[in-house]
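If you're matching them up, the sequences are chains Z and A in order. To convert, note that position 192 of the first sequence is 192 in my numbering; the numbers rise steadily by one, no gaps. To convert, note that position 60 of the second sequence is 60 in my numbering; the numbers rise steadily by one, no gaps. Structure record follows, encoded as structure tokens.
2 protein chains.
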Amino acid sequence: MNDLKLRILFKVKADLEEIETALAQNLNPYLDLVSETAQHILFSGGKRLRPLLMVLSARLCGYNGNQDKFYSTIFEYLHAATLLHDDLVDGASIRRGKPVAHSIFGNSTAVLVGDFLLARGLSIAAKTKNIKVIEIIAGITENMSQGEIHQLLKKERFDLTQNEYMEIIRRKTAVLIQGACHVGALLANAPFEHENALSEYGYNVGIAFQMADDLLDYTADTTVLGKAVGADLREGKLTLPAIHAIENAPAESRQKIKQIIHNKDFSPEEFQILLEMLKHYGGIDYTRKQATEFIEKAKNAIRIFEPTQTRETLMDIADYALKRKT
Amino acid sequence: MNDLKLRILFKVKADLEEIETALAQNLNPYLDLVSETAQHILFSGGKRLRPLLMVLSARLCGYNGNQDKFYSTIFEYLHAATLLHDDLVDGASIRRGKPVAHSIFGNSTAVLVGDFLLARGLSIAAKTKNIKVIEIIAGITENMSQGEIHQLLKKERFDLTQNEYMEIIRRKTAVLIQGACHVGALLANAPFEHENALSEYGYNVGIAFQMADDLLDYTADTTVLGKAVGADLREGKLTLPAIHAIENAPAESRQKIKQIIHNKDFSPEEFQILLEMLKHYGGIDYTRKQATEFIEKAKNAIRIFEPTQTRETLMDIADYALKRKT
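Here it is in structure tokens:
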């Protein structure tokens with residue numbers, strides 16, 4: 001574990017423990033199968049990034065109630081719901097080193113428990129009795145489903161542009177993280193500029209987080225990542241490292257890249273060749289540079305707050321979005 | 001078309017037209033595939049029972065705004081979302097005489113467009129800015145997913161009791177119809193007893209409607225129904241006519257019933273034998289009698305309102321729940 005991760009974990013340990021408890025307590029299904037399936041996806045080593053960001057955002061805005069952990073579960077339930085559906089849609093087999101839920105419990109259960117988790121998140125959002133919070137949560141779910149459909153439509157399409165890639169990751173990843181930070185500010189009745197600052201922080205962290213995810217799919221250590229590298233490509237998903245390299249490679253190399261990607265059963269050797277080409281044509285560096293810029297924007301957005309320990313932790317989390325190994 | 005249906009249609013024709021327009025106008029997706037898939041399920045001859053009940057309930061309570069059709073789309077979007085997911089879960093092939101959405105657009109699209117429709121319903125609910133409305137909508141989605149999972153768990157289980165059957169149809173069907181009526185009253189700022197009366201009306205109509213649906217699966221004319229009779233049994237779903245007959249048949253006949261049901265490839269002749277046995281052991285009559293009782297309860301619940309044309313229409317719709325042919 002690197003120093004940054006250790007530093008963050010040290011500072012948020014108590015929060016994470018309370019979030020774990022809240023996640024287990026507020027599921028409330030009446031059927032055991034729902035518990036089992038939801039627990040499989042919820043308690044399999046997730047980072048709790050989204051609930052944690054909500055809790056820290058609320059704290060940064062001076063929240064002094066005791067419902068923050070309860071409300072923070074919204075964001076993990078929504079996240080888990082989309083993981084259940086997305087793994088099914090993507091035909092994924094492994095997540096966090098474990099078989100995906102639909103391979104254990106069946107496709108039907110994965111669909112319906114995803115629906116349940118989505119509904120649970122919305123029920124908890126309704127309990128805030130804050131219309132703006134509820135509107136944000138409903139908007140997030142609309143965006144996420146459409147982002148995922150957009151991604152699905154662009155499977156195996158080499159004409160996916162960087163603009164479209166940005167639109168997809170905004171909807172499928174950034175709006176949820178943005179929403180978590182925004183809702184934190186709303187729960188604390190923060191003034192408008194603080195609300196905006198945290199929304200902007202969340203959006204930028206979200207984009208950087210997804211870009212880093214897409215980088216990890218090329219560069220991570222498989223045993224650390226908990227799934228095989230190149231999984232996105234095998235699912236037909238083109239992400240920024242490849243989009244940029246394809247745009248910048250000369251015709252012949254571009255052809256070679258497309259050829260390897262097109263053959264989803266590429267060998268480890270072919271994957272290495274591809275990775276070298278993506279590096280050579282700047283795809284890896286460009287993606288890292290882009291992610292770094294979004295992280296800087298995120299950090300700048302919250303500089304309007306007093307330099308407290310909470311602000312420091314949010315700065316660290318922004319950095320961690322790119323520096324993480326999983 | 002029978003007289004009752006004609007009478008209802010005559011009275012609600014203008015409402016239904018406005019509901020159709022609202023359904024088309026408020027979908028608002030940014031991807032064509034979402035429109036196409038949603039339209040396939042939304043505009044394929046649905047009865048619009050749920051939005052219509054919301055509109056009529058609001059009117060019965062004196063609603064005089066112009067947002068009723070807009071808000072009524074919530075209930076059709078939620079309904080369509082569950083149809084997309086349920087058809088997938090049930091492995092259905094035909095709905096309303098047309099191939100099911102997942103067979104045309106693929107399973108992944110059906111899952112994600114279902115999520116989108118659910119989210120759209122919730123976004124529109126948020127626009128009411130009425131917390132109680134939002135809580136009801138969120139609660140409905142929790143109940144529907146759990147009802148469907150419960151049904152899935154009980155597939156091909158001959159030990160399904162009448163109590164469990166009631167619990168399943170309450171969650172998967174009645175709460176949505178109940179919610180539509182209840183929300184209609186809330187939008188009209190109805191006094192508490194009117195709100196309760198319409199909630200009770202909706203619950204009872206919902207239960208009767210599902211029982212009638214389960215009867216139609218045995219007794220309907222295939223060309224009128226738009227799908228083959230016996231479809232529930234082929235999907236392994238035991239409903240009240242069979243549950244009651246199994247409970248009341250002597251051991252030998254019970255064995256015969258189970259044997260036919262167990263073999264999902266039963267021939268039309270076997271299905272006829274089964275149907276005769278369900279009739280003989282009272283399953284059909286009992287279900288019809290039960291549905292009739294729920295309809296009476298529904299009608300009684302709204303007798304506290306003045307005898308207006310709107311009340312009359314709601315009475316007719318309650319009767320129609322059982323008298324319909326599709």
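All C-beta atoms in this analysis are idealised placements derived from N, C-alpha and C, irrespective of residue type, glycine included.
Rounded C-alpha distance that separates residue i from residue j
i, j, result
"E200/Z", "T292/A", "57 angstroms"
"Y30/A", "I74/A", "19 angstroms"
"K132/Z", "E276/Z", "47 angstroms"
"G184/Z", "E195/Z", "8 angstroms"
"H40/A", "A231/A", "21 angstroms"
"G97/A", "L176/A", "24 angstroms"
"L4/Z", "R303/Z", "20 angstroms"
"K129/Z", "T37/Z", "29 angstroms"
"F192/A", "R59/A", "16 angstroms"
"K155/A", "L198/A", "33 angstroms"
"F105/A", "L56/A", "35 angstroms"
"T326/A", "D213/A", "8 angstroms"
"I124/Z", "Y71/Z", "7 angstroms"
"L217/Z", "H182/Z", "The residue you asked about is not Leu; residue 217/Z is Asp in the sequence shown. Rounded to whole angstroms, D217/Z to H182/Z spans 29 angstroms at the Cα level."
"V89/A", "G236/A", "12 angstroms"
"S296/Z", "N66/Z", "Residue identity differs from the one stated: residue 296/Z is Glu in this sequence, not Ser. For E296/Z and N66/Z, the distance between alpha carbons rounds to 31 angstroms."
"K69/Z", "A180/Z", "12 angstroms"
"N28/Z", "E135/Z", "23 angstroms"
"N300/Z", "I137/Z", "25 angstroms"
"E270/Z", "K256/Z", "10 angstroms"
"I284/Z", "H85/A", "39 angstroms"
"T219/Z", "F266/A", "55 angstroms"
"M211/A", "L322/A", "8 angstroms"
"R234/Z", "D319/Z", "29 angstroms"
"I168/A", "Q290/A", "16 angstroms"
"G46/Z", "Y203/A", "40 angstroms"
"D87/A", "A174/A", "18 angstroms"
"R288/A", "S35/A", "39 angstroms"
"R171/A", "A298/Z", "44 angstroms"
"R254/A", "L278/A", "10 angstroms"
"Y328/Z", "L160/Z", "Residue 328/Z is absent from the model: chain Z starts at 1 and stops at 326."
Counterpart residues of residue i in DSSP-defined beta bridges
i, result
"K5/A", "Paired residue(s): none; K5/A is not in a bridge."
"R95/Z", "K98/Z"
Where the alpha helix (DSSP H) containing residue i begins and where it ends
i, result
"C181/Z", "175–187"
"S35/A", "32–42"
"R50/A", "49–60"
"N163/A", "162–169"
"R120/A", "107–127"
"L314/A", "309–323"
"A81/A", "68–90"
"I136/Z", "131–153"
"K172/Z", "Looking at the DSSP string, K172/Z is not in any alpha helix (DSSP H), and its letter there is neither H nor E."
"R234/A", "231–234"
"R303/A", "No alpha helix (DSSP H) contains R303/A, which DSSP labels as neither H nor E."
"Y203/Z", "192–219"
"A249/A", "Taken as a continuous stretch (DSSP letters only), A249/A belongs to no alpha helix (DSSP H), as it is neither H nor E."
"L275/Z", "268–280"
Cβ neighbours of residue i in the same chain (closer than 7 angstroms, five flanking residues each side left out)
i, result
"L52/A", "V12, D15, L16, I19"
"Y350/A", "Residue coverage of chain A in this structure runs from 1 to 326, which leaves residue 350/A outside it and unanswerable."
"L23/Z", "L42, T73, E76"
"L186/Z", "N130, K132, V133, E195"
"A188/Z", "A58, C61, G62, Y63"
"R48/A", "L16, I19, E76"
"I260/Z", "F266, E270, I273, L274"
Cβ shell of residue i (< 6 angstroms), same chain only, five flanking positions each side left out
i, result
"H79/A", "R50"
"K258/Z", "F158"
"T82/Z", "M144"
"Y281/A", "A245, N248, A249"
"A251/Z", "none"
"A92/A", "V100"
"K338/Z", "Residue numbering for chain Z in the displayed model covers 1 to 326; residue 338/Z lies beyond these limits and cannot be assessed."
"T310/Z", "L56, R59, L60"
Neighbourhood of residue i by C-beta distance below 8 angstroms, restricted to the same chain and skipping five residues each side
i, result
"T109/Z", "L33, T37, A101, H102"
"E164/A", "H150, K154"
Residue i CB to nearest heavy atom of the ligand FAD below 7 angstroms
i, result
"T73/Z", "With respect to the ligand FAD, the structure offers nothing, as it holds no ligand at all."
contact_flag[the stretch 243–262 of chain Z, the stretch 199–213 of chain Z] where n(CB pairs < 8 angstroms) is 3 or more: Touching, no, given that fewer than three Cβ pairs across the two stretches are closer than 8 angstroms.
Touching by the beta-carbon criterion (3+ pairs, under 8 angstroms), the stretch 145–153 of chain A and the stretch 110–118 of chain Z: The answer is yes - the stretch 110–118 of chain Z touches the stretch 145–153 of chain A, with three or more Cβ pairs under 8 angstroms.
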